[in-house]
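Single-structure report; data block below.
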Amino acid sequence: VHATDPEVRTRMMRNPRSGEIMDRLRQLAQHGIRFHCQLVLCPGWNDGEVLMRSIEDLASLAPAACSVALVPVGLTKYRDGLDVIRPYDRESALALIRSIEQLQQRFLRELDTRFVFASDEFYCLSGLPLPEDEEYEDYPQIENGVGMLRMFETDLRFAAEDEPVEATSPRHLIIACGTSIAAQMQRWCDQYAPRGTTVTVQPIINHFFGESVTVTGLITGGDLISQLRDVKCDEILICRNMLRNEGDLFLDNVSLEDARSALPAPLRIVENTGEGFWRAISGLEDQ
């Protein structure tokens, strides 16, 4: 959706008919179709008062409109000749989260749902703690990155309780990940790593797409190799979503085989789940 203000949406989409978004959504609602919405937020374009209007307009379509995800715009370094869009920072991410908290409480009373949810990236940027499980309700926007970290941590806790590991022989692991999740990942490692296991989180700066790209899934093989070439450890762990679906190539066409040959320690591919993470740091075999 991005914006319900016709002028703003037309400007953003560069389509003269894109300002008709509310008419199209009303048609869906009138035909009994339920839908979830996403707003990719671009500071100075569709935030502030424009955002508040968008949320209220979409809430007016409930229950056909089931939920709204707020996601920060992702910007690569390849922007020559494009409009200037500034990325979110700690202060603006914090302001965004604070701006929707009261709305969530009102919607919970009026619609029986919090309705609008900020993506995990906003919490990583702001430094605020993640909302609790129940605040994500039934995780309606999980595929838009809303609640993935909370679900991951919940699964991690259950896995650690179900399959406890008291201690391991001395091991040093390195986890390579995006810069946005690195601090949270290190906290999980410090909390859950068994005795005898030292885990160092290595944030990988994305030189391929640009340093403003901070998510783990967009790390390339070239950046991984260049930044881990000289590390000393017993094993390197990476998340499976760095690779294409077939599991053999990174986004820059570097093969998994070539990465393994170039890195100084065995490379383990870890499932993007709390259980997969727990089994990896505990030295358990994949099931």
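Take 7 as the starting number for the sequence shown in our numbering and just add one per residue. Idealized CB from N, CA, C, for every residue including glycine. This one's a predicted model, so the numbers in the text were calculated from it and none came from an experiment.
Item to check | Local conformation of residue 209 per DSSP, three classes | outcome: Within the sequence shown, numbered from 1, the residue matching residue 209 stands at position 203. It is a strand residue.
Checklist entry - Shortest alpha-carbon distance to residue 75 belongs to which of 149, 67, 115? => result In the sequence shown, the residue the question calls residue 75 occupies position 69. Minimum Cα distance to residue 75 is reached at 149.
Checklist entry - Quick one: what's got a C-beta closer than 7 Å to residue 293's C-beta in the same chain, skipping five residues either side? => result Start at 1 with the first residue of the sequence shown, and residue 293 comes out as number 287. Below a pLDDT of 50, predicted positions are generally treated as unreliable, and residue 293, at 49, falls in that range; the measurement from the model is reported next regardless. Here the set comprises nothing.
Next on the checklist: Can you tell me which residues form a DSSP beta bridge with residue 44?
Outcome noted: Residue numbering aside, residue 44 sits at position 38 when the sequence shown is read from its first letter. Answer is 75, bridged to residue 44.
Next on the checklist: Please identify the residue among 126, 111, 212, 274 whose C-alpha is closest to the C-alpha of residue 83.
Outcome noted: Counting from 1 along the sequence shown, the entry for residue 83 is found at position 77. In this structure, 212 is the residue among 126, 111, 212, 274 with its C-alpha nearest to the C-alpha of residue 83.
Item to check | Presumed contact (8 Å Cβ cut-off) between residue 127 and residue 78, rounded CB distance | outcome: For the purposes of this step, residue 127 is identified with residue 121 of the sequence shown, where counting begins at 1. For the purposes of this step, residue 78 is identified with residue 72 of the sequence shown, where counting begins at 1. Their Cβ separation, rounded to whole angstroms, is 5 Å, which keeps residue 127 and residue 78 in contact under 8 Å.
Checklist entry - Hey, how far is the Cα of residue 110 from the Cα of residue 104? => result As a working note, residue 110 is residue 104 in the sequence shown. As a working note, residue 104 is residue 98 in the sequence shown. If you take the alpha carbons of residue 110 and residue 104, they lie about 10 Å apart.
Item to check | Selected residue, minimal CA-CA separation from residue 276, among 69, 81, 290, 263 | outcome: Here residue 276 refers to the residue found at position 270 of the sequence shown. Closest by alpha carbon: 290.
Item to check | Length of the line joining the Cα atoms of residue 96 and residue 67 | outcome: As a position in the sequence shown, residue 96 is number 90, starting the count at 1. As a position in the sequence shown, residue 67 is number 61, starting the count at 1. Approximately 32 Å, taken between the alpha carbons.
Checklist entry - Quick one: is the Cβ of residue 144 within less than 7 Å of any heavy atom of the ligand NAD? => result This structure does not include the ligand NAD; it has no bound ligands of any sort.
Next on the checklist: Does residue 14 come out as helix, strand or coil in the three-state DSSP assignment?
Outcome noted: The residue you call residue 14 lines up with position 8 of the sequence shown. Residue 14 falls in the helix class under three-state DSSP.
Next on the checklist: Assuming residue 160 is part of the alpha helix (DSSP H), what are its boundary residues?
Outcome noted: What you label residue 160 is simply residue 154 of the sequence shown in a count that begins at 1. Segment 154 to 168, the alpha helix (DSSP H) holding residue 160.
Checklist entry - When the Cα atoms are used, what is the spatial distance from residue 56 to residue 36? => result Along the sequence shown, read from residue 1 onward, the residue named residue 56 stands at position 50. Along the sequence shown, read from residue 1 onward, the residue named residue 36 stands at position 30. Spanning the two alpha carbons is a distance of roughly 25 Å.
Next on the checklist: Report the CB separation of residue 180 from residue 208 in whole angstroms; it is logged as a contact under 8 Å.
Outcome noted: Against the sequence shown, residue 180 aligns to sequence position 174. Against the sequence shown, residue 208 aligns to sequence position 202. Yes, residue 180 and residue 208 are in contact; Cβ-Cβ is about 5 Å, under 8 Å.
Item to check | Top-ranked residue by Cα proximity to residue 206, from 186, 200, 182 | outcome: Stepping through the sequence shown from its first residue, residue 206 is reached at position 200. The residue with the shortest Cα to Cα distance from residue 206 is 182.
Checklist entry - Would residue 191 be called buried (16 or more neighbouring beta carbons within 10 Å of its own) or exposed? => result Here residue 191 corresponds to residue number 185 of the sequence shown, with the count starting at 1. Answer is buried; the Cβ neighbour count reaches 16.
Item to check | Residue nearest to residue 137 in terms of C-alpha spacing, selected from 131, 153, 147, 144 | outcome: Here residue 137 is taken as the residue at index 131 of the sequence shown, counted from 1. Nearest of 131, 153, 147, 144 to residue 137, Cα basis: 153.
Next on the checklist: Within the continuous beta strand (DSSP E) that includes residue 143, where are the two ends?
Outcome noted: The sequence position of residue 143 within the sequence shown is 137, counting from 1. From DSSP, residue 143 is part of no beta strand (DSSP E); its letter is neither H nor E.
Item to check | Inter-stretch contact (C-beta, 8 Å, three-pair minimum) for the segment 133 to 147 and the segment 111 to 125 | outcome: yes
Next on the checklist: If I follow the unbroken beta strand (DSSP E) through residue 243, where does it start and stop?
Outcome noted: Position 237 of the sequence shown, counted from the start, is the residue given in the question as residue 243. Taken as a continuous stretch (DSSP letters only), the beta strand (DSSP E) holding residue 243 covers 241 to 245.
Next on the checklist: How far does the alpha helix (DSSP H) with residue 34 in it extend, from its first residue to its last?
Outcome noted: Taking the first residue of the sequence shown as position 1, residue 34 is located at position 28. Taken as a continuous stretch (DSSP letters only), the alpha helix (DSSP H) holding residue 34 covers 27 to 36.
Checklist entry - Under a three-way DSSP split, which group does residue 220 fall into? => result Stepping through the sequence shown from its first residue, residue 220 is reached at position 214. Of the three classes helix, strand and coil, the one that applies to residue 220 here is coil, per DSSP.
Checklist entry - Can the beta-carbon of residue 243 be found less than 8 Å from the beta-carbon of residue 274? => result Taking the first residue of the sequence shown as position 1, residue 243 is located at position 237. Taking the first residue of the sequence shown as position 1, residue 274 is located at position 268. Yes, the Cβ-Cβ distance between residue 243 and residue 274 is below 8 Å.
Item to check | Reduced DSSP secondary structure (H/G/I, E/B, other) of residue 227 | outcome: Translated into the one-based positions of the sequence shown, residue 227 becomes position 221. Note: residue 227 maps to helix in three-state DSSP.
Checklist entry - Is the CB-CB distance between residue 43 and residue 7 below 8 Å? => result In the sequence shown, the residue the question calls residue 43 occupies position 37. In the sequence shown, the residue the question calls residue 7 occupies position 1. Contact: yes.
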